[in-house]
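Report on the following structure.
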Amino acid sequence: MIKHDVLIVGAGLAGMRAAIECCEDLSVGLLTKVYPSRSHSGAAQGGIAAALGNSEDDSWEEHMFDTIKGGDYLNDQDAVEEYVKAAPRIIYELEHFGCVFSRMADGRIAQRSFGGHSKPRACFSADRTGHAILHALHEQLMKRGKEIRIYNEWYLHSLIVEEDQCHGVVVSNVKTGEVEIIQAKSVIFATGGYGRVFKITTNAYASTADGAIAAFNAGVPLEDPEFVQFHPSGLYRQGILFSEAARGEGGYLLNGKGERFMEAYAPARMELAPRDIVSRAEQSEIDAGRGWNGEGCIALDLRHLGEARIMERLPQIRQLGIDFIGVDCIKAPLPIQPSAHYSMGGIPTDMFGQVILNKDKAPLKGFFAAGECACVSVHGGNRLGTNSLLDATVFGERTGKSAAEHARSVGFGQINEGREKAGVLKQIEEIFQRTGTESYNDIRNTMKDTMMEQCGVFRDSGKLNECLKQIKLLQEKFKKGKVTDKGKVFNTELFEIIELGNMLKMAEIITVGALNREESRGGHYRTDFPKRDDDKFLNHTLVHKDGDQLKLDKKPVVITKYPPKERTY
Amino acid sequence: MTTFRIKRFNPEKQPDPYWEEIDYDIPDGATLLDCLNDIKWTMDGTLSYRMSCRSAICGSCGMKANGHALLACQRQAEHLIKEGTDSITIEPMGNMPVVKDLVVDMEPFWDKVNQVKPFLKEEGERPEKERRQSPAEFKLIDDASTCIMCGCCYSDCNTLEVDKNFLGPAALAKAQRFVQDSRDTATNERIRELSESGGIWDCTHCAECVERCPKPAKPMDRIKEMMGVAIEEGVTNNNGARHALSFVKSVKHSGRVNENTLPLESMGYFNVKGLMELVPVGLRMLLKGKIPPIIHKNIDDVEDVRRIFRELGE
């Protein structure tokens with residue numbers, strides 16, 4: 001059996017930052033189903049927020065207020081305060097690590113505007129900021145090569161919890177197919193989001209809810225799952241991300257009539273309103289038959305920025321347009337549509353990354369979470385652009401610290417290795433034994449279509465009930481599929497099936513959360529309840545596992561400085 | 001209908017790789033990765049390859065199509081159909097052992113990356129805020145920092161094919177990102193190590209890596225930049241740098257390379273052991289009548305060449 005003081009699952013920004021925090025005097029294992037440099041953090045483009053005040057005066061208070069207003073007042077304000085206060089220090093630290101940032105003429109870090117931020121506070125590296133930070137942190141891991149053991153291409157199956165304490169994980173080595181137990185005093189999940197549940201998504205194929213569902217199956221509730229962010233500029237029909245920086249640099253959104261339609265939805269902020277508002281505006285235009293070229297898309301027009309600006313600030317998205325649809329944004333607009341992008345909800349934690357089990361915040365000792373898979377909640381009902389890289393880095397550090405402290409204070413527990421391993425082996429064997437005729441590909445496609453249409457930008461009880469029914473049907477069909485690859489070596493088919501099972505569960509949890517929340521707030525919009533309802537719903541959703549059923553509960557929102565107000569832009 | 005000729009390998013089933021032909025209708029606008037996914041999900045679930053972001057940023061789906069490495073997600077399948085045929089040939093990347101089908105063992109690749117000490121070396125106290133770096137200094141490391149570690153350059157590197165000791169294009173591009181980072185304090189130490197055997201001077205300048213790189217990282221260009229740094233830093237006590245300097249000296253003097261002095265100057269006139277190694281080669285050349293004329297003549301317009309050097313400030 002493998003043992004580590006601290007075992008981290010997921011090697012994106014949050015996981016790697018946590019590893020750096022606890023590797024000095026502890027044995028650290030860092031497990032990823034890809035390679036650290038392949039993590040989806042690297043796909044983030046536009047920037048990372050911090051009130052450095054390099055190009056305009058700025059303050060953490062303004063950053064805090066923008067974040068809370070952007071989140072439609074569902075954010076826990078005590079956590080937001082810690083988070084925005086830590087931001088400048090975290091950016092300087094990344095810079096000291098060697099992260100490559102775009103610069104101002106005087107050599108300071110350049111900052112640009114972003115949706116929902118009242119000041120230009122997005123620090124960036126052209127339009128590949130996530131990539132730059134991901135590689136800077138990976139470099140720090142390579143520097144600490146002897147102190148951190150990295151498990152590349154290992155897959156997480158389940159979390160080991162005994163007597164209200166977490167003791168490790170059950171995992172597979174993808175290359176050999178062997179199932180192994182990794183025992184740890186502290187386990188951190190930094191497993192990212194689950195955008196792959198939806199048909200049109202900016203997310204990688206790897207973003208499949210493995211972490212969230214492993215936690216859920218171990219008795220941890222999921223918080224605010226109904227809050228899914230749709231990014232306004234995913235490539236039409238494909239969802240490939242075109243950074244919000246395109247609008248931050250001055251890009252226009254045009255409907256089929258050539259109008260800058262944001263005028264009608266957010267006249268003060270126009271294209272730089274928060275993402276939930278822009279995505280709804282786009283979908284409204286498309287639904288009203290005013291799509292670009294009469295199709296289900298909107299035009300992102302950058303032509304007026306000129307070649308020099310585009311080549312300096314947005315070179316990657318220009319290349320993406322050329323490679324994927326043969327459109328050069330210097331010469332023509334890019335067709336875009338709202339695309340599932342970010343999960344505001346996730347594994348509930350306190351502001352130190354400690355996972356909690358219920359509304360009274362009872363901790364699950366030894367279990368921590370950070371980054372997109374966690375819900376602290378600093379983003380509330382809608383995350384502002386550039387706040388996620390910051391979330392992953394700030395809470396990666398804080399969670400690493402908490403996990404290290406816990407690991408120093410306890411010994412290794414007792415685990416029933418045989419039983420834990422047998423449970424997972426049985427699950428795999430059961431999948432291999434299936435002889436049904438259902439196609440996993442059809443099940444996956446139907447799930448994605450259903451979630452996009454019935455649980456997407458606009459929701460209502462009719463659609464959501466239909467969605468839930470369909471997802472449950474798919475869960476039944478899922479048991480009646482068939483595997484063609486029964487080998488052990490690099491069996492990607494097997495892991496894709498397990499991922500699909502996780503996504504079907506996640507889809508159900510999202511839909512149940514959405515059905516329950518009979519109001520409109522942030523990224524969650526109910527056409528049958530178009531107003532925010534603070535009397536009934538100014539609280540977090542908790543979805544608990546109750547046998548095969550789901551049980552809903554509420555957790556209060558922490559409000560310190562900014563009481564809820566009407567949200568207009 | 002297009003024939004996908006795919007090189008399959010499954011060590012659990014049979015010890016040798018084999019070719020499989022799959023007929024498949026390429027949907028409009030489908031990338032190579034879209035096609036492989038569709039084949040895997042509807043025709044043959046055992047087909048194995050890596051993929052994740054499908055937007056050319058994670059670097060997972062490196063493989064060879066028609067003999068050249070590329071990212072499967074970045075290329076329209078239709079553009080890959082070989083002229084005069086209806087087929088696309090798909091193989092795993094080269095210069096790395098194959099694990100299964102299109103999945104290669106990336107460990108040799110990462111070992112090389114680790115060898116160049118791929119992290120910023122700092123000295124003294126960190127400033128309270130950010131270190132200053134001008135936009136021009138940022139520009140020097142911007143291209144190298146776009147590398148996504150996909151391994152396409154490593155796969156098709158001609159030097160690596162004959163010399164496993166060569167660090168390879170990706171690791172060297174990563175090295176340049178620190179050698180020329182204004183914040184790094186180990187430029188000289190780095191360039192000394194990179195000038196050793198297996199380093200920058202072992203690149204044959206075939207430009208294959210520049211052709212294969214899916215990003216602006218373009219490793220060979222970065223390697224050349226480091227050669228410049230090596231000369232500036234005076235790290236010239238090695239065959240590679242001496243070869244380059246001798247080359248320049250000869251061209252500047254006569255307008256062309258002096259093939260008699262080039263090998264001698266590359267080895268160094270006081271490097272007796274190295275010079276002795278040249279003797280058998282020299283004798284073989286003599287026997288085959290390949291020895292260049294002893295008297296090295298200037299080209300007719302040598303003054304023009306010299307003027308170019310003067311214009312360039314050297």
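Chains as they are written, first to last, in my numbering: chain R, 1 to 569; chain A, 1 to 314.
Glycine included, C-beta positions come from ideal geometry on N, C-alpha and C.
Here the structure is a predicted model, which is why all the values come from computation and not from measurement.
is_contact[residue i, chain R] using C-beta, thresh 8 Å
i	result
residue 198(A)	no
residue 186(A)	no
residue 19(A)	no
residue 212(A)	no
residue 316(A)	Not covered by the structure: residue 316(A). The range shown for chain A is 1 to 314.
residue 16(A)	no
residue 250(A)	no
residue 183(A)	yes
residue 309(A)	no
residue 10(A)	yes
residue 146(A)	yes
residue 45(A)	yes
residue 134(A)	yes
Burial state of residue i, where buried means 16 or more other Cβ atoms lie within 10 Å
i	result
residue 113(A)	buried
residue 206(A)	exposed
residue 473(R)	exposed
residue 398(R)	buried
residue 448(R)	buried
residue 200(R)	buried
residue 276(A)	exposed
residue 110(R)	buried
residue 1(A)	exposed
Supposed close pair residue i, residue j - CB separation, criterion 8 Å
i	j	result
residue 167(R)	residue 2(R)	Their Cβ separation, rounded to whole angstroms, is 13 Å, which puts residue 167(R) and residue 2(R) out of contact at 8 Å.
residue 300(R)	residue 336(R)	5 Å
residue 75(R)	residue 545(R)	Not quite, the Cβ-Cβ distance comes to about 26 Å (not below 8 Å), so this is no contact.
residue 51(R)	residue 63(R)	5 Å
residue 60(A)	residue 38(R)	5 Å
residue 480(R)	residue 437(R)	7 Å
residue 140(R)	residue 20(R)	5 Å
residue 353(R)	residue 395(R)	6 Å
Interface partners of residue i on chain A, CB under 7 Å
i	result
residue 490(R)	48, 99, 100, 103
residue 92(R)	129, 130
residue 576(R)	Residue 576(R) cannot be examined here, being either before or after the span of chain R that is shown, 1 to 569.
Contact with chain A by residue i, beta-carbon distance below 8 Å
i	result
residue 59(R)	no
residue 140(R)	yes
residue 323(R)	yes
residue 320(R)	yes
residue 576(R)	Residue coverage of chain R in this structure runs from 1 to 569, which leaves residue 576(R) outside it and unanswerable.
residue 37(R)	yes
residue 493(R)	yes
residue 128(R)	yes
residue 48(R)	no
residue 241(R)	yes
residue 346(R)	no
residue 487(R)	yes
Chain-ordered neighbours of residue i on chain A, where CB pairs are closer than 8 Å
i	result
residue 441(R)	41, 42
residue 600(R)	Past the boundaries of the shown model lies residue 600(R); chain R is included only from 1 to 569, so the question cannot be answered.
heavy atom of the ligand ZN below 7 Å from residue i C-beta
i	result
residue 566(R)	Absence of the ligand ZN from the depicted structure is noted, as is the absence of any ligand whatsoever, leaving it without description.
Residue i: contacting residues in chain R (beta-carbon distance under 7 Å)
i	result
residue 57(A)	42, 43, 131
residue 118(A)	139, 142
residue 149(A)	37
residue 4(A)	Within 7 Å Cβ-Cβ: nothing; residue 4(A) doesn't reach chain R, min ~17 Å.
Contacts of residue i in chain A (Cβ-Cβ under 9 Å)
i	result
residue 34(R)	50, 52, 58, 60
Contact set between residue i and chain R, taken where Cβ atoms lie within less than 8 Å
i	result
residue 108(A)	Near residue 108(A) there are no residues of chain R at all, since even the closest Cβ is about 14 Å away, more than 8 Å.
residue 141(A)	100
7 Å Cβ cut-off: residues of chain D touching residue i
i	result
residue 256(R)	The displayed structure is made up of protein chains R and A, and chain D is not among them.
Requested in this report: Pull out every residue of the segment 94-106 of chain R whose Cβ sits closer than 8 Å to any Cβ of chain A, in chain order.
Outcome: 95, 96, 97, 98, 100, 101, 102, 103, 104, 105, 106
Requested in this report: Please name the residues in the segment 202-215 of chain R whose beta-carbon is closer than 7 Å to at least one beta-carbon of chain A, in chain order.
Outcome: 204, 205, 206
Query raised in the report: Between the segment 84-95 of chain A and chain R, which residues of the former have a C-beta closer than 8 Å to a C-beta of the latter?
Result: none
**Report entry** chain A contacts made by the segment 447-472 of chain R, where a contact means CB separation under 8 Å
**Finding:** none
Report task. Give the residues from the segment 170-204 of chain R that approach chain A closer than 7 Å (Cβ to any Cβ), ordered along the chain. Result -> 175, 204
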